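In my numbering, the protein residues as written are 1430 to 1597.
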Amino acid sequence: MNSNSKKSFSQFLRVAQQAALASGQVIREQFSKPFALEAKSDSDFTVEVDNLSENAIIEILRQHFPGHSIFSEEAGQLFGDKSFLWMVDPLDGTNNFVCGIPYCGVALSLLIDGIVSVAVVYQPFLDRLYWATVGLGAFCNGKRFHRESACHGTRNRAERTGANGSVS
């Protein structure tokens, strides 16, 4: 990866983090407010916070990258340069949000020429900001984590509960 690529990824990451944090603020502010459910299908629904969170993200992305394409869960495809496509889930965990369970998040990723190059997940009630970029690794709240250490506790829990795929 050359220095121009690193600089670009850094800018994309900074803006994605800004958008995720702004969206998370919206989610926190709306958590205790009344809301109406809107059916998207027989098995899927949305609430106003989905749209408010999405608007916060799209506004920031459009401000910094007006030519990029965006595909968001609520708005669908907003066309632009197909080489740069932002994938947005403005409220991952709508069911939890609706039930008053504060385990939900915001997810954004940037595909450059079809390859996921930047990804950000923010859990607003836990104040955890996860991010990764091509060539730099994965981080949570600025601390690098490795697959082995991230999975170690999960594997041990699975083994203790018998959820390791084996039959005994």
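Backbone N, C-alpha and C fix where the C-beta goes; we use that ideal spot for every residue, glycine too.
All of these numbers come straight from a predicted model, not from anything done at the bench.
One or two residues paired with residue i in a DSSP bridge
i: L1539; result: W1515 and V1547
i: I1489; result: The partner list for I1489 (beta bridge, DSSP) is empty, contrary to what the question assumes.
i: L1481; result: In DSSP, L1481 forms no bridge with anything.
i: C1569; result: Y1559 and K1572
i: Q1552; result: R1557
i: S1501; result: G1505 and V1517
i: G1534; result: D1521
Residue environment, residue i, which counts as buried when at least 16 other CB atoms sit within 10 Å
i: A1465; result: exposed
i: E1458; result: exposed
i: Q1552; result: buried
i: L1514; result: buried
i: S1512; result: exposed
i: G1534; result: buried
i: F1438; result: buried
i: G1522; result: buried
i: F1508; result: exposed
i: G1594; result: Model confidence at G1594 stands at a pLDDT of 46, short of 50, so the residue's coordinates are unreliable and nothing is read from them.
i: R1589; result: Because the pLDDT at R1589 is just 47, under 50, the model does not fix this residue reliably, and the point stays unresolved.
CB-CB length for residue i against residue j, believed under 8 Å
i: A1619; j: V1547; result: Nothing in the structure corresponds to residue 1619, since the chain is present only between 1430 and 1597.
i: P1519; j: D1479; result: 6 Å
Cβ pair residue i, residue j closer than 7 Å
i: S1482; j: S1452; result: yes
i: V1550; j: Y1559; result: yes
i: I1489; j: A1536; result: no
contact_flag[the segment 1496–1503, the segment 1526–1534] where n(CB pairs < 8 Å) is 3 or more: no
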